[in-house]
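Below is one structure, written out as structure tokens; comments come after it.
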Amino acid sequence: MPRYALLVEYDGAGFVGWQRQAEGVSVQGVLEAAGAFLNGGVEPVLGAAGRTDSGVHAEGQVAQMDVTADLPVERVREALNARTRPHRVSVLSVARPGAEWSARFSAVHRSYRYRILNRRARPALEAGRVWHVPAPLDAAAMHEAAQGLLGHHDFSAFRAATCQAKHAMRTLDRLDVSREAEEIVVRVGARSFLHHQVRNLVGTLAKVGWGQRPVTWPRQVLEGRDRTKAGQTAPAEGLCFTGVRYEPGLDWAA
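Here the sequence shown is numbered in the numbering used here, starting from -17 and rising by one per residue.
Structure representation (structure tokens):
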């Protein structure tokens, strides 16, 4: 059966998350229902580079789909997009990887962006896409604190209680914090992440931004490996899965 790679964007607000659930609408479920048209009426099972939670958005999610239809990638994209309406999910591009390629296991790097709207007035146009924090945040202090978390560590202090990973050892390649007008933007990169790791990192750095903790505190939390000592889990709506890198790269359709 032909294997297709799908480059997908979606608004996470209308879904229970990427993964199909017993109840509620999932991104996976919407795409699998659309894929049945290409698979003799049988819904294919899709895998993804990352399983995002409810409310988390994506502009660069990658999924794999095996179906019976052997078609040009452009036609696969159009067929799927015609059948995912009215849900806010779109297949941006399609590629034909090798038979051994896996959206999850072939990935060598994943990237996320977290947006904090840092102003007194609540958001109107960006509601559901940012974490609204009215109190001023010191982005420079947050960035300085973030640099102490880079590298290969046990991130137990920043994993969810429900995390199913076998261990908490991860290598954090990037954790940049910058102010862009009224927003604090956090950009994160690693080969793989623990459940809620990014949101817990953001919630911890926010305490430094508010001046409630010194820039050395997040590193102390990391070394303590105790989730209860870290900051809050930042809200899902500020998080966006921005991209996945593969080596060799995929030949995406224009």
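The beta-carbon is built from N, C-alpha and C at its ideal position, and this holds for glycine as well. Given the structure is predicted, the values throughout are model-derived calculations rather than measurements.
Nearest-angstrom Cα distance between residue i and residue j?
i	j	result
proline 116	tryptophan 192	11 angstroms
leucine 53	alanine 235	13 angstroms
glutamate 14	alanine 128	38 angstroms
alanine 89	leucine 119	34 angstroms
glycine 213	glutamate 82	40 angstroms
valine -10	arginine 67	14 angstroms
threonine 215	arginine 181	5 angstroms
arginine 201	alanine 147	22 angstroms
histidine 149	phenylalanine 87	17 angstroms
leucine 99	glycine 11	31 angstroms
alanine 139	glycine -1	24 angstroms
aspartate 233	glycine 17	21 angstroms
valine 203	arginine 195	11 angstroms
leucine 29	alanine 45	Residue identity check: residue 29 is glycine in the sequence provided, not leucine. Going from the Cα of glycine 29 to the Cα of alanine 45 covers about 5 angstroms.
tyrosine 228	valine 76	14 angstroms
leucine 154	glycine 22	43 angstroms
valine 226	lysine 211	31 angstroms
glutamine 43	alanine 31	7 angstroms
phenylalanine 19	proline 26	10 angstroms
valine 9	arginine 65	13 angstroms
leucine 74	glycine 206	42 angstroms
arginine 95	valine 167	7 angstroms
glycine 130	proline -16	45 angstroms
glycine 133	glutamine 1	29 angstroms
alanine 238	leucine 221	Residue coverage of the chain in this structure runs from -17 to 236, which leaves residue 238 outside it and unanswerable.
Considering only the alpha carbon of each residue, which of the options lies closest to residue i?
i	options	result
histidine 178	Glu162, Ile166 and Pro217	Pro217
valine 159	Gly17, Val7, Pro26 and Leu183	Leu183
threonine 198	His125, Glu5, Val12 and Leu119	His125
aspartate -7	Thr34, Phe87 and Met151	Thr34
aspartate 208	Phe137, His91, Gln146 and Gln46	Phe137
phenylalanine 223	Gly23, Ala(-5) and Ala40	Ala40
alanine 142	Arg156, Gly185, Leu132 and Ala109	Gly185
threonine 50	Arg92, Arg2 and Val58	Val58
arginine 152	Gly42, Gly171, Val190 and Gln10	Gly171
arginine 173	His91, Val38, Ser84 and Ala64	His91
serine 72	Gly80, Gly32, Asn63 and Pro79	Asn63
glycine 80	Ala109, Arg95, Arg102 and Met47	Met47
threonine 144	Leu131, Glu60, Glu165 and Leu176	Leu176
proline 230	Pro105, Ala85, Arg156 and His134	Ala85
arginine 104	Glu25, Leu221, Arg2 and Glu164	Glu164
valine 190	Ser36, Ala122 and Ala(-5)	Ala122
glutamate 56	Tyr(-14), Ser36, Tyr94 and His69	Tyr(-14)
arginine 156	Ser93, Val112 and Arg111	Ser93
At what residues does the alpha helix (DSSP H) containing residue i begin and finish?
i	result
histidine 178	Here histidine 178 belongs to no alpha helix (DSSP H), and DSSP marks it neither H nor E.
In the DSSP assignment, find the unbroken beta strand (DSSP E) run with residue i in it and report its ends.
i	result
arginine -15	-15 to -8
leucine 13	Element bounds for leucine 13: not the beta strand (DSSP E) but the alpha helix (DSSP H), 9 to 17.
arginine 201	Looking at the DSSP string, arginine 201 is not in any beta strand (DSSP E); the run it does join, the alpha helix (DSSP H), is 199 to 206.
Quick one: what's residue i bridged to in DSSP?
i	result
leucine 221	Tyr96
arginine 227	His91
glycine -1	Asp35
If you measure from the beta carbon of residue i to each beta carbon in chain C, is any gap under 8 angstroms?
i	result
leucine 53	No chain C is part of this structure, which consists of one protein chain only.
Inside the segment 19 to 98 only - alpha helix (DSSP H) runs reaching at least 4 residues
Here the runs fully enclosed are 55 to 65.
Pick out the complete alpha helix (DSSP H) segments inside the segment 112 to 194, 4 residues or longer, and give them in chain order.
121 to 129 and 179 to 191, all fully within the segment 112 to 194.
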